[in-house]
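Peer 1: Let me begin by handing over the structure; questions about it come next.
In the working numbering, the protein residues as written are 23 to 307.
Here it is, written out as structure tokens:
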């Protein structure tokens, strides 16, 4: 990490989330530091997306605590315990957290530029001309400035997701959460989105990424987190986690992934695990 002993941007302590009788998250503790890229992997239904939604407070958590840049999210501490915060104070805490969704979530009746600048105009009260300038700048960053006047229906899935990334960047967040950003894309469109995310990582943007793209995780992540059945099972640097898994469940998960993907190059991706620290530095240079 660039800074010595930095304070975490995100601090999750003993977090649990229930939907009725179903426990989606159980006693999760996790810290994310400035300029760190953390990739969360695990089987479907393991609680990865629920964790991101709790960090962004799209889902209210059942117990535990989440701090964003040292400020408690969603609640305040009192002599009686945690008490729900006002919406105004919640928004103030999560203002510096951006999110990129699996299914883009663009407004279909708005142009690309209007989608990107809506939050600037409504939330930050930035004048239209200044918002337009900022919107075009972040669209250029993701290679979409030429499509500013088009509508989402006129774009490919990969292009729509890059607009989603630009929308998050426009708000100048201190951390961006990515919820399986390539899972809704055709395979041939995945690369353009991953390339955009690699560029953001090279610029030192703090990122938490839920992904099934194991090669991307090996190349870009500072740390991999493996979840299963709502629990954080194991975490560590990519090379160590992929090559020396400590838990039987992670070994089983990796073996299953490799066997399923042998025909599409998993062996070559697996090789990259041996050199993931080198690959990560190459991405950031």
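Even glycine gets a Cβ: it sits at the ideal position worked out from N, Cα and C.
1) Verify whether the separation of the beta carbon atoms of residue 240 and residue 59 is less than 8 angstroms.
2) Relative to the C-alpha of residue 274, which candidate in 249, 261 and 86 has its C-alpha closest?
3) What are the start and end residues of the alpha helix (DSSP H) that includes residue 217?
4) For the candidate residues 93, 151 and 206, whose alpha-carbon lies nearest to that of residue 33?
5) Taking the alpha-carbon of residue 233 as reference, which of 64, 245, 183 and 150 has the nearest alpha-carbon?
6) I'd like to confirm the pairing. Which residues does DSSP put opposite residue 198 in its beta bridges?
7) Can you tell me where the beta strand (DSSP E) with residue 172 in it begins and where it stops?
8) When you compare the segment 147-158 with the segment 123-131, are there three or more beta-carbon pairs, one atom per stretch, that lie closer than 8 angstroms?
9) What did DSSP end up calling residue 102 once you bin it into helix, strand or coil?
10) Helix or strand or just coil, what does DSSP make of residue 235?
11) Near residue 128, what residues of its chain come up, given a Cβ to Cβ distance below 7 angstroms and the 5 sequence neighbours on each side ignored?
12) Roughly how many angstroms separate the alpha carbons of residue 41 and residue 83, rounded to a whole number?
13) Can you list, in chain order, the residues of its chain with a C-beta nearer than 7 angstroms to that of residue 107? Leave out the 5 residues immediately preceding and following it.
14) From residue 323 to residue 78, what distance separates their C-alpha atoms?
15) Would you mind reading off the limits of the alpha helix (DSSP H) that contains residue 148?
16) Go through its chain and collect everything with a Cβ distance to residue 39's Cβ below 7 angstroms, but skip five positions before and after it.
17) Where DSSP assigns a beta bridge to residue 77, which residues make up the other side?
18) Do residue 214 and residue 180 have their beta-carbon atoms positioned less than 8 angstroms apart in this structure?
19) Put residue 33 into one of helix, strand or coil per three-state DSSP.
20) Between residue 167 and the rest of its own chain, which residues show a CB-CB distance below 8 angstroms, the 5 nearest in sequence each way excluded?
21) I need the straight-line Cα distance from residue 252 to residue 37, nearest angstrom please.
22) Using DSSP bridges, identify the partner residues of residue 93.
23) Might you give, ordered along the chain, the residues of its own chain that have their beta carbon closer than 7 angstroms to the beta carbon of residue 115, omitting 5 neighbours on each side?
24) What is the C-beta distance between residue 204 and residue 235, in whole angstroms, given that I count them as a contact (C-beta under 8 angstroms)?
25) Leaving out five residues on either side along the sequence, give the residues of the same chain with a beta carbon under 7 angstroms from the beta carbon of residue 208.
26) Tell me which residue opens and which closes the alpha helix (DSSP H) that residue 180 is part of.
27) At which residues does the beta strand (DSSP E) containing residue 53 begin and terminate?
28) Determine the extent of the alpha helix (DSSP H) in which residue 277 is found, giving its start and end residues.
Peer 2: Based on what the coordinates show:
1) No, Cβ-Cβ distance for residue 240 and residue 59 is not below 8 angstroms.
2) Residue 249 is the option with its Cα nearest to residue 274.
3) Per DSSP, residue 217 belongs to the alpha helix (DSSP H) from 212-224.
4) Distance from the Cα of residue 33 is smallest, within the candidate group 93, 151 and 206, for 93.
5) Checking every option, the nearest Cα to that of residue 233 belongs to 64.
6) As computed with DSSP, residue 198 is found in a beta bridge with 120 and 229.
7) Here residue 172 belongs to no beta strand (DSSP E), and DSSP marks it neither H nor E.
8) Counting Cβ pairs under 8 angstroms, fewer than three are found: no touch.
9) Note: residue 102 maps to coil in three-state DSSP.
10) Note: residue 235 maps to coil in three-state DSSP.
11) Excluding sequence positions up to five before and after residue 128, its CB lies within less than 7 angstroms of the CB of 137, 174, 182, 185 and 186, all in the same chain and listed in chain order.
12) Cα to Cα, residue 41 sits roughly 10 angstroms from residue 83.
13) Excluding residues within five positions, the ones whose Cβ falls inside 7 angstroms are 96, 97 and 98.
14) There is no way to answer for residue 323, as the model of the chain reaches only from 23 to 307.
15) Careful: residue 148 lies outside any alpha helix (DSSP H) and carries neither H nor E.
16) Once the five neighbours on either side are set aside, the close Cβ partners of residue 39 are 46, 47, 72, 76, 81, 83 and 84.
17) Paired residues: none, contrary to the question.
18) Cβ distance < 8 angstroms, so residue 180 and residue 214 count as in contact.
19) DSSP, reduced to helix, strand and coil, places residue 33 within a strand of the structure shown.
20) The beta carbon of residue 167 sits closer than 8 angstroms to those of 158 and 161, all from its chain and outside the five residues before and after it, given in chain order.
21) Those two C-alpha atoms are separated by around 10 angstroms.
22) Per DSSP, 90.
23) Cβ neighbours of residue 115 beyond the five flanking positions: 90, 93 and 95.
24) With 8 angstroms as the limit, residue 204 and residue 235 qualify as a contact, their Cβ atoms being about 6 angstroms apart.
25) Result list for residue 208: 179, in chain order.
26) Residues 179-192.
27) 44-54 is the extent of the beta strand (DSSP E) around residue 53.
28) Here the alpha helix (DSSP H) through residue 277 covers 270-282.
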